[in-house]
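Only one structure is covered here, and it is reproduced in the block below.
There are 2 protein chains.
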Amino acid sequence: MPASSEPAASACGRTHPSVDRDDVLAAARRIAGRVHRTPVLTSRTLDAEFGAKLFFKCENLQRMGAFKIRGATNAVLQLPRHVRAVATHSSGNHGAALALAAREAGLDAFIVVPSDARASKRAAIERYGASVVECEPTLEARAATLEQVVQDTGATFVPPYDHPHIIAGAGTAALELLEEHGPLDQVWVPVGGGGLAAGTALAADTSDVILAEPELARDAKDSLEAGELRPPLPPRTVADGLRTGLGNLNFHILRRRRCRVLLASESSIKHWTNRAAQVMKIVIEPSAATTLAAMADNPGAARGRVGVVLSGGNL
Amino acid sequence: MPASSEPAASACGRTHPSVDRDDVLAAARRIAGRVHRTPVLTSRTLDAEFGAKLFFKCENLQRMGAFKIRGATNAVLQLPRHVRAVATHSSGNHGAALALAAREAGLDAFIVVPSDARASKRAAIERYGASVVECEPTLEARAATLEQVVQDTGATFVPPYDHPHIIAGAGTAALELLEEHGPLDQVWVPVGGGGLAAGTALAADTSDVILAEPELARDAKDSLEAGELRPPLPPRTVADGLRTGLGNLNFHILRRRRCRVLLASESSIKHWTNRAAQVMKIVIEPSAATTLAAMADNPGAARGRVGVVLSGGNL
Numbered sequence: 000m001p002a003s004s005e006p007a008a009s010a011c012g013r014t015h016p017s018v019d020r021d022d023v024l025a026a027a028r029r030i031a032g033r034v035h036r037t038p039v040l041t042s043r044t045l046d047a048e049f050g051a052k053l054f055f056k057c058e059n060l061q062r063m064g065a066f067k068i069r070g071a072t073n074a075v076l077q078l079p080r081h082v083r084a085v086a087t088h089s090s091g092n093h094g095a096a097l098a099l100a101a102r103e104a105g106l107d108a109f110i111v112v113p114s115d116a117r118a119s120k121r122a123a124i125e126r127y128g129a130s131v132v133e134c135e136p137t138l139e140a141r142a143a144t145l146e147q148v149v150q151d152t153g154a155t156f157v158p159p160y161d162h163p164h165i166i167a168g169a170g171t172a173a174l175e176l177l178e179e180h181g182p183l184d185q186v187w188v189p190v191g192g193g194g195l196a197a198g199t200a201l202a203a204d205t206s207d208v209i210l211a212e213p214e215l216a217r218d219a220k221d222s223l224e225a226g227e228l229r230p231p232l233p234p235r236t237v238a239d240g241l242r243t244g245l246g247n248l249n250f251h252i253l254r255r256r257r258c259r260v261l262l263a264s265e266s267s268i269k270h271w272t273n274r275a276a277q278v279m280k281i282v283i284e285p286s287a288a289t290t291l292a293a294m295a296d297n298p299g300a301a302r303g304r305v306g307v308v309l310s311g312g313n314l
Numbered sequence: 000m001p002a003s004s005e006p007a008a009s010a011c012g013r014t015h016p017s018v019d020r021d022d023v024l025a026a027a028r029r030i031a032g033r034v035h036r037t038p039v040l041t042s043r044t045l046d047a048e049f050g051a052k053l054f055f056k057c058e059n060l061q062r063m064g065a066f067k068i069r070g071a072t073n074a075v076l077q078l079p080r081h082v083r084a085v086a087t088h089s090s091g092n093h094g095a096a097l098a099l100a101a102r103e104a105g106l107d108a109f110i111v112v113p114s115d116a117r118a119s120k121r122a123a124i125e126r127y128g129a130s131v132v133e134c135e136p137t138l139e140a141r142a143a144t145l146e147q148v149v150q151d152t153g154a155t156f157v158p159p160y161d162h163p164h165i166i167a168g169a170g171t172a173a174l175e176l177l178e179e180h181g182p183l184d185q186v187w188v189p190v191g192g193g194g195l196a197a198g199t200a201l202a203a204d205t206s207d208v209i210l211a212e213p214e215l216a217r218d219a220k221d222s223l224e225a226g227e228l229r230p231p232l233p234p235r236t237v238a239d240g241l242r243t244g245l246g247n248l249n250f251h252i253l254r255r256r257r258c259r260v261l262l263a264s265e266s267s268i269k270h271w272t273n274r275a276a277q278v279m280k281i282v283i284e285p286s287a288a289t290t291l292a293a294m295a296d297n298p299g300a301a302r303g304r305v306g307v308v309l310s311g312g313n314l
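First to last, the protein sequences are chains W and B.
Under numbering that gives the first Met the number 0, think of the first position of the first sequence as 0, with each following residue one higher.
Under numbering that gives the first Met the number 0, think of the first position of the second sequence as 0, with each following residue one higher.
Given below as structure tokens:
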């Protein structure tokens, strides 16, 4: 279980955190002007290939290259005034997003990063002015280091995905997509920790929300089919943003919405990461390409007017 | 001199072709709904790097991957009703653009392609349903083959860049950019044959229009500085869309507007092709990256609110 599911340590003090569509609407007002309203692209080539009308919400073109800035900004803006610093653990986009959101709010940021994280991710965090605190690449070391940082600095922990403010912020991408191109029969979204998936499920309340997950990280599928949260699988998928286990709050939101999970093979994820560049002329990361890969691996599943949230572009 | 500067053979029968801003406005109305209104991206990272506020008009995200569909569509829609087929010569984007525009208008298209053209460009032309007619890779063979095709098929020649309808169509990209983000102090645009450059100069009539040209293909710079059209240089630049010599009509338009040409080195063009993917998460072709490369190679030249037309993304 990620540290983020312990409400006592989180930015929000509620012990039974809840979040609904109104929170997504409020988040959209709160973060307006601070994040990009990203473009929606279409492709007649891909429409013909999948037999559906596709609308791609390009969060790869978002500030810092991923939807994560939406949730981080929404969370930071709701911190009490006395807070002077934030902290989190991340080997990826959430660290950079929190670093940027904190800098713009005039806060210090401390990001706990495993020693095996990619240099480019670490460089992005430092470019946005945050302090990187290195730890051993284990869940235990991560939690212990974060706790130490919080004690030493007085920083407030902003969790990466399993938190109402993060979920509501993430849901604003689908909200914009629906405002511009709704109604949609389906909205496809990748699922890892589940913040984007849960936020999308709340925002797109009249669409089928379909979760795309790598076969090698199928804990969301297993959890939702079993009706109870299953532990994450070993972090082997190329879609590095989707290696995390599904968060507890996100599990309950996705379960209540009866969201279906469709799986994508590794070869298909790699293929669609490249194909998006060729056909759509955009750079997407494998986690984002998992949507198209799941669509290709499950022929006929995409139907009607279909939204697709391309979550990020940080390779 | 390209065949396209011979009005008698072109889609427009005027012997003294002229084109002005009203033609760009008319083109915008004519092609609306048939081409994408492409998104405009911004990047605080690049703004900080260049010391200017940059607005990127993403014609790489245009249909068939380049601005060329604007001019081709504008030209095809103005053909007399009796025309049943169009023809052109192209080793690149104009061939694919004309193929697509013709298909949508229910016309046949014949594209003369040199035998050394890249397989991917040829495949794009065929994917849009046009007939590819191969020729030897010389200007003479190209002109002779095109003439033969026109004689054999009765097709109307639609030239690639040096024609009022092509220029007016190309100018609609800058027009949209100005509608959404104007006024702009400068608009940067790559220059090869000069259709996009001339169209932009007409559309952006209150901005400085700055032409970005590869050092290895500096005939536009030499021509505008000499006050007379100079022949193209050997086709050596990596920016393959900019190897063509400046067209005669385009030369006169750009000369009248006193457009300045800034040069870009080959290494800089390659660097910025990659950097756009890293920072902006978009795929642009070297011809489009020539704008950023010229900006980097001429420090301080970009000033104020700056539009940049990223011409295409077909690698």
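Even for Gly, the Cβ is constructed at its ideal location relative to N, Cα and C.
Quiz item: What does Q185 (chain W) pair with, by DSSP beta-bridge criteria?
Solution: Locating residue 185 (chain W) in the first sequence gives position 186, where the first residue counts as 1. Beta-bridge pairing links Q185 (chain W) to W:D207 and W:V305.
Quiz item: How would you list, in chain order, the residues of chain B whose beta-carbon sits under 7 Å from the beta-carbon of G226 (chain W)?
Solution: Residue 226 (chain W) sits at position 227 when you count from the first residue of the first sequence. None at all; the shortest Cβ gap to chain B is about 38 Å.
Quiz item: Across which residues does DSSP place H88 (chain B) in a beta bridge pair?
Solution: Residue numbering aside, residue 88 (chain B) sits at position 89 when the second sequence is read from its first letter. H88 (chain B) pairs with B:V111.
Practice problem: Kindly indicate if chain W contains any beta-carbon less than 8 Å away from that of A276 (chain B). | Solution: Position 277 of the second sequence, counted from the start, is the residue given in the question as residue 276 (chain B). It does: the Cβ of A276 (chain B) has a partner Cβ on chain W nearer than 8 Å.
Exercise. Say whether the stretch 284-293 of chain W touches the stretch 28-39 of chain W, bearing in mind that this needs 3 or more beta-carbon pairs closer than 8 Å, one atom from each stretch.
Key: no
Quiz item: Taking only beta-carbon atoms, is V282 (chain W) less than 8 Å away from chain B?
Solution: As a first step, residue 282 (chain W) is located in the first sequence; it is residue number 283 there, counting from the start. At least one chain B Cβ lies under 8 Å of V282 (chain W).
Quiz item: Given E58 (chain W), which residues of its chain have a CB within under 7 Å of its CB, disregarding the five upstream and five downstream residues?
Solution: By one-based count along the first sequence, residue 58 (chain W) stands at place 59. Hits under 7 Å: T37, A65, F66, A172, V308, L309, S310 and G311.
Exercise. Tell me whether N313 (chain B) sits in a helix, a strand or coil according to DSSP, three-state version.
Key: Here the question's residue 313 (chain B) lines up with position 314 in the second sequence. The answer is coil: DSSP assigns N313 (chain B) none of H, G, I, E or B.
Quiz item: Quick one: does G192 (chain W) have its CB under 8 Å from some CB of chain B?
Solution: Here residue 192 (chain W) refers to the residue found at position 193 of the first sequence. No, because no Cβ of chain B sits closer than 8 Å to the Cβ of G192 (chain W).
Exercise. Compare the C-alpha of D22 (chain B) against each of B:R102, B:L174, B:P230 and B:S222 and name the closest.
Key: Within the second sequence, residue 22 (chain B) is the residue found at index 23, counting from 1. Nearest of B:R102, B:L174, B:P230 and B:S222 to D22 (chain B), Cα basis: B:L174.
Quiz item: What residues of chain W sit near P285 (chain B), judged by a beta carbon separation below 7 Å?
Solution: The count along the second sequence starts at 1 and reaches residue 285 (chain B) at position 286. Under the 7 Å cutoff, chain W gives no residues; its nearest Cβ is about 14 Å from P285 (chain B).
Practice problem: State whether the stretch 189-198 of chain W contacts the stretch 274-281 of chain W, with contact taken as three or more CB pairs (one from each stretch) at a distance under 8 Å. | Solution: no
Quiz item: What residues in its chain sit with their C-beta under 8 Å from that of A140 (chain B), if we drop five residues either side in the sequence?
Solution: The residue you call residue 140 (chain B) lines up with position 141 of the second sequence. Excluding sequence neighbours, A140 (chain B) sits near P113 and C134.
Quiz prompt | First through last residue of the alpha helix (DSSP H) which encompasses L24 (chain B) | solution = Taking the second sequence and counting its residues from 1, the one referred to as residue 24 (chain B) is at position 25. Segment R20 to I30, the alpha helix (DSSP H) holding L24 (chain B).
Quiz item: For T236 (chain W), which three-state DSSP category applies?
Solution: Within the first sequence, residue 236 (chain W) is the residue found at index 237, counting from 1. In the structure shown, T236 (chain W) sits in coil (DSSP, three-state: anything other than H, G, I, E or B).
Self-check item: chain B contact for M0 (chain W) (CB, 8 Å cutoff)
Solution: For this step, residue 0 (chain W) is matched to residue 1 along the first sequence. Unreliable placement is indicated for M0 (chain W), whose pLDDT of 30 sits below 50; the coordinate value is still reported in the next sentence. Taking Cβ atoms only, chain B never reaches closer than 8 Å to M0 (chain W), which makes this a no.
Quiz item: Is it buried or exposed for S17 (chain W), if we count other Cβ within 10 angstroms and need 16 for buried?
Solution: By one-based count along the first sequence, residue 17 (chain W) stands at place 18. It counts as exposed.
Quiz item: In terms of alpha-carbon separation, which member of W:P163, W:R102 and W:S90 lies closest to V132 (chain W)?
Solution: For the purposes of this step, residue 132 (chain W) is identified with residue 133 of the first sequence, where counting begins at 1. Nearest option by C-alpha distance: W:S90.
Quiz item: Is the shortest distance between the beta-carbon of A7 (chain W) and the beta-carbons of chain B less than 8 Å?
Solution: The residue given as residue 7 (chain W) occupies position 8 in the first sequence. Residue confidence for A7 (chain W) is low, a pLDDT of 34 falling below 50, so the modelled location carries little weight; the figure read from the coordinates is stated next. Not an interface residue.
Quiz prompt | Sequence ranges, beta strand (DSSP E) only - wholly within the stretch 124-202 of chain B, length at least 3 | solution = 130-134 and 185-189
Exercise. Rounded to whole angstroms, what's the CA-CA distance from E227 (chain B) to A123 (chain B)? Just pull it up for me.
Key: On the second sequence, position 228 is the one that residue 227 (chain B) refers to. On the second sequence, position 124 is the one that residue 123 (chain B) refers to. If you take the alpha carbons of E227 (chain B) and A123 (chain B), they lie about 36 Å apart.
Exercise. List the residues of chain W whose Cβ lies closer than 7 Å to the Cβ of N59 (chain B), in chain order.
Key: As a position in the second sequence, residue 59 (chain B) is number 60, starting the count at 1. What N59 (chain B) touches in chain W: K280.
Quiz item: In the DSSP assignment, what are the bridge partners of R259 (chain W)?
Solution: Numbered from 1 along the first sequence, position 260 holds the residue referred to as residue 259 (chain W). Looking at the DSSP assignment, R259 (chain W) forms a beta bridge with W:I209.
Exercise. Quick one: which residues of the stretch 34-68 of chain B get their C-beta closer than 7 Å to a C-beta of chain W? List them in chain order.
Key: P38, L40, N59, L60 and G64
Quiz item: Any Cβ of chain B within less than 8 Å of the Cβ of G312 (chain W)?
Solution: Position 313 of the first sequence, counted from the first residue, corresponds to residue 312 (chain W). It does; some Cβ of chain B falls within 8 Å.
Quiz prompt | Bridge-paired residues (DSSP) for K56 (chain B) | solution = As a position in the second sequence, residue 56 (chain B) is number 57, starting the count at 1. Paired residue(s): B:V39 and B:V308.
Quiz item: What separation, rounded to the nearest whole angstrom, lies between the Cα atoms of H88 (chain W) and A26 (chain B)?
Solution: In the first sequence, counting from the first residue as 1, residue 88 (chain W) sits at position 89. In the second sequence, counting from the first residue as 1, residue 26 (chain B) sits at position 27. If you take the alpha carbons of H88 (chain W) and A26 (chain B), they lie about 53 Å apart.
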